[in-house]
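Notes follow the structure.
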Amino acid sequence: MKKFKTLVMLISVSHSVIRGKTQMNMELNNSQELNRLSEQEVRFRCPHCQKLYRTSTDVFEGSEPEFDCSDCNKAFLLHNRCDDFGLYVASMVQEPVQFDSCPKCSSLKPHKSDECPTCGVLGSKYLELQKLESPALFELNQIWKRVMQGFDQDSLHQEFLNECHRKMALNFAFQKYSDLQKTLGYDSLCKQYLRQIELRLEQQLKAVQQPANEKAKAQTTPPMSKMQWVFMGLGAVGMASLIYNKFVPTFPNFNGLVMMLTVLAFGIGLFSNSKSDLKL
């Protein structure tokens, strides 16, 4: 009986040893598996908000990947190198600097800045005031804003020029392109559209001058009225009578009277009002 208890104890101890070895082997395998997974895992933080991310090493196939953070919605680049803490290095994406034009002086200013560094005007306040005082000018400035956003699109430039032409505001368009050229320096597109504005101004000036010239011409040479024709006719009869009396003296005593009546008829015919008419 004593031997049986000893055997049972030995069997129990052997089972405990076996279970201990098995558990150690499992823990060792799990540790090895975790190490293997950690070697294949890429851990990094968002450089903006420090949110931790994990991904696999195949993310570096090709060029350095770009991510958008799910928390702060900002973009960043991931580099294939680690820092002192074992995390992969991530850097912020340099966003291109954007500019807008000042609605008053047309100088360039930062996109997110409301105040113009050149004239000091607040763009939002200036536009509100302009919309109330001059809706037509406000509309032209809105079209010009679209032109600045798509400067390479000829259709936007033509829309702006056509609207300025329709509103008789080509001088405003000329000022906009001139100010822009002063800011940017020599620009072939600005030069091209300035030339188009000059041609449109010439056409506009001719269209305005032609009716004025025709009106002035009509005023300088008005048509003769019936009264003028009557007096001019009487003057012509008197002139003919004087010539006839010169060669064939018929009424030599009335030459002075006929001459006076002839001069009077011609004078009334020339200087009478062209709008007056003889009512027959």
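If you read the sequence shown in the UniProt record's numbering, its first letter stands for residue 1, the second for the next number, and so on. Beta carbons: idealized from backbone N, C-alpha and C, even for Gly. For clarity, every value in this text was computed on a predicted model and none was experimentally measured.
Contact under 7 Å by Cβ, residue i with residue j
| i | j | result |
| --- | --- | --- |
| Ala169 | Leu161 | no |
| His157 | Tyr193 | yes |
| Glu66 | Leu77 | yes |
| Glu64 | His79 | yes |
| Val93 | Ala75 | yes |
| Met239 | Thr262 | yes |
Alpha-carbon spacing of residue i relative to residue j, whole angstroms
| i | j | result |
| --- | --- | --- |
| Lys145 | Ser101 | 8 Å |
| Ile268 | Lys206 | 38 Å |
| Gln204 | Leu140 | 19 Å |
| Ala265 | Arg200 | 52 Å |
| Pro135 | Met148 | 20 Å |
| Ser91 | Lys131 | 44 Å |
| Trp229 | Val237 | 12 Å |
| Lys109 | Ser188 | 22 Å |
| Ser155 | Ser56 | 48 Å |
| Gln181 | Lys191 | 8 Å |
| Lys246 | Lys226 | 30 Å |
| Gly150 | Tyr126 | 23 Å |
| Leu129 | Glu41 | 58 Å |
| Tyr186 | Tyr177 | 11 Å |
| Lys112 | Ser70 | 24 Å |
| Cys82 | Cys72 | 23 Å |
| Gln210 | Glu202 | 12 Å |
Contacts around residue i, its chain only, beta-carbon distance under 8 Å, and the 5 residues preceding and following it disregarded
| i | result |
| --- | --- |
| Ser107 | Ser101, Cys116, Pro117, Thr118, Cys119, Asp179 and Thr183 |
| Lys167 | Ala136 and Leu140 |
| Tyr88 | Val42, Arg43, Phe44, Leu78, His79, Asn80, Arg81 and Cys82 |
| Leu34 | A caution first: Leu34 carries a pLDDT of 44, below 50, which makes its placement in the model too unreliable to give a value. |
Close Cβ partners of residue i (< 7 Å) along its chain, the five nearest in sequence each way excluded
| i | result |
| --- | --- |
| residue 328 | Here the chain covers residues 1 to 280 and nothing more, so residue 328 does not appear. |
| Val121 | Cys102 and Lys104 |
| Leu37 | Only weak support is given to the placement of Leu37: the predicted model assigns it a pLDDT of 44, under 50, and the question is left unresolved by the model. |
| Lys2 | With a pLDDT of 47 at Lys2, under the threshold of 50, the modelled position of this residue cannot be trusted; read the value that follows with caution. Contacts found: none. |
| Gln196 | Leu161 |
| Gly256 | none |
Selection from the options that minimises the alpha carbon distance to residue i
| i | options | result |
| --- | --- | --- |
| Leu137 | Val263, Pro110, Gly233 and Glu163 | Glu163 |
| Asn171 | Glu159, Gly185, Gln181 and Glu198 | Glu198 |
| Gly86 | Asp71, Arg54 and Lys112 | Arg54 |
Whole-Å CB distance - residue i paired with residue j, under 8 Å assumed
| i | j | result |
| --- | --- | --- |
| Arg45 | Lys51 | 7 Å |
| Met259 | Leu242 | 6 Å |
| Glu159 | Ile143 | 6 Å |
Same chain only: Cβ atoms within 6 Å of residue i, ignoring 5 sequence neighbours per side
| i | result |
| --- | --- |
| Asp68 | Ala75 |
7 Å Cβ cutoff, residue i in contact with chain C
| i | result |
| --- | --- |
| Glu198 | Of the protein chains in this structure there is only one, and it is not chain C. |
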